[in-house]
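Undergrad: Shown below is the structure under consideration.
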Amino acid sequence: MATTHPYKTLTSSEIQPPLLRHCRPNPSKPSRHRAPTLSFGNGGERSRKVERVRGGGVVARIAPYTRFAVVTGANKGIGLEVARQLALEGVAVVLTARDKKRGSEAVDSLCHESDLSNIVFHQLDVRDPSSVNSLANFIRSEFGKLDILINNAAVVGVSVDIEGLRALNIDAHTWTSGKATNLIQGVIHQTYDEAVTCLDTNYYGCKRVTEALLPLLKLSTSGARIVNASSLASELKRMPNDEIRNLLTDVDNLDEEKIEHLLSTFLEDLKNGGLEAAGWPMMLPAYSVSKMVLNVYTRILAKRHPEMRINCVRPGFVKSDINWNMGIISAEEGAKGPVMLALLPDDGPTGCYFDQTNLTRVW
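Just so you know, we're using full-length UniProt numbering here: the sequence shown kicks off at 1 and counts up by one.
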């Protein structure tokens, strides 16, 4: 049985050399400006053809893909870049997004700009059980298994005065250190409805997708990997309430029922206007709490499925829509951590938190 890695800083150079041993980009690239048809093997003798139609044209290809990945929330930003980097490593990728048009356009752009033929789009709304089940049925019927799940879909869950935020001219250090908490209270507001959406997307949505795809991940012949996109806001030192912080640290006595009770308490305190008095984080409250419990869920899953490598990762302060483009690093840089964890060797760490490509203790 695999054991959880001891907590230490683990650099990408220590982890990465063995990762790509069995991962190779598809040597025969489709010509530019064509919409290739994808044929993915499910690891057995048979291959099922997956056709992607663009502009009425279909081009047939057979490719011996044996590793399959799902990336949620992947029509832009970090998710799009994770999909691209995995495809470049020879993984067949199902890029998902809520919006069909944007998702299809994202796949087209990857095919044209990066000459990739091993990416398909499937619509997914992580908040909609029927949409999640549709994705699971697609994976089951077309591939027969799943090897990698990247839970990237997330929302920040607040209303913001963009012009007011920009006028504050907050630098990256002030933002990421939490020192901006008091500065932003006049321009960023946490409403109850937005908090519900945030928790339902960032935690319950991740859980919904993971549970639907777990039976397929268990069929992986190359060792399943689950990577949950976390955040600096998830670090427990940012939780003012000692009791809640200690509760979230004690993963041996935590389960999904206790997590959901905690989230219900958070929403009740928010509805009553008592977040600060109850000791909840005031910097993007719902987002921070959603990522804190996502870290806990990651650890619970890792204990429950020791044969898999299941980790969470902070991609870094990436310039993206979720932080109103205040970030300072590129999506390409931010994708390195999730991709590294998706390609971990069988003896790699599990149940851990990574700050980009460095294994770090945060609980």
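Ideal placement from N, C-alpha and C gives every residue a C-beta, glycine not left out. For clarity, every value in this text was computed on a predicted model and none was experimentally measured.
(1) Cα separation between Ala331 and Pro306?
(2) Curious, which full-length alpha helix (DSSP H) runs of at least 4 residues does the segment 155 to 228 contain?
(3) So, Asn295 versus Pro349, is the Cβ gap smaller than 8 Å?
(4) Below 8 Å between beta carbons: does that hold for Val120 and Val94?
(5) Applying the 10 Å Cβ sphere with the 16-neighbour rule, what's the burial state of His122?
(6) Flag this pair as yes or no: are the beta carbons of Thr72 and Ala153 separated by less than 8 Å?
(7) Look up Thr72 in the DSSP assignment and say whether it is helix, strand or coil.
(8) Thr357: buried (16+ other C-beta within 10 angstroms of its C-beta) or exposed?
(9) Considering only the beta carbon of each residue, do Pro315 and Ala286 sit closer than 8 Å?
(10) Whether or not the segment 131 to 147 and the segment 215 to 232 are in contact is what I'm after, with contact meaning three or more pairs of Cβ atoms, one per stretch, closer than 8 Å; do they touch?
(11) Any contact of the segment 130 to 137 with the segment 101 to 119, i.e. 3+ C-beta pairs under 8 Å?
(12) Could you check if Glu163 is buried or exposed, using at least 16 other CB atoms within 10 Å of its CB as the buried criterion?
(13) The beta strand (DSSP E) that contains Thr360, what's its start and end?
(14) Judging by CA-CA distance, which residue of Ser159, Ile226, Ile78 is the nearest neighbour of Tyr353?
TA: So, from the data block:
(1) Along the sequence shown, read from residue 1 onward, the residue named residue 331 stands at position 331. Along the sequence shown, read from residue 1 onward, the residue named residue 306 stands at position 306. Looking at the two C-alpha atoms, the distance is approximately 30 Å.
(2) 162 to 168, 172 to 176, 192 to 199, 206 to 217
(3) By one-based count along the sequence shown, residue 295 stands at place 295. By one-based count along the sequence shown, residue 349 stands at place 349. No. Outside cutoff.
(4) Here residue 120 refers to the residue found at position 120 when the sequence shown is read from its first residue. Here residue 94 refers to the residue found at position 94 when the sequence shown is read from its first residue. Yes, these two residues count as a Cβ contact at 8 Å.
(5) For the purposes of this step, residue 122 is taken as residue 122 along the sequence shown, with counting starting at 1. With 16 or more Cβ atoms within 10 Å of its Cβ, His122 is classed as buried.
(6) The residue labelled residue 72 in the question sits at position 72 within the sequence shown. The residue labelled residue 153 in the question sits at position 153 within the sequence shown. Yes, Cβ-Cβ distance for Thr72 and Ala153 is below 8 Å.
(7) Reading the sequence shown from its first residue, position 72 is the one you call residue 72. In this structure, Thr72 counts as coil in the three-state DSSP scheme.
(8) Stepping through the sequence shown from its first residue, residue 357 is reached at position 357. Answer is buried; the Cβ neighbour count reaches 16.
(9) On the sequence shown, residue 315 is found 315 positions in, with the first residue counted as 1. On the sequence shown, residue 286 is found 286 positions in, with the first residue counted as 1. No, the Cβ-Cβ distance between Pro315 and Ala286 is not below 8 Å.
(10) yes
(11) no
(12) The sequence position of residue 163 within the sequence shown is 163, counting from 1. Per the 10 Å Cβ criterion, exposed.
(13) The count along the sequence shown starts at 1 and reaches residue 360 at position 360. Neither: Thr360 is in no beta strand (DSSP E) and is coded neither H nor E.
(14) Position 353 of the sequence shown holds residue 353. Looking at the Cα atoms, Ile226 is the closest of the given residues.
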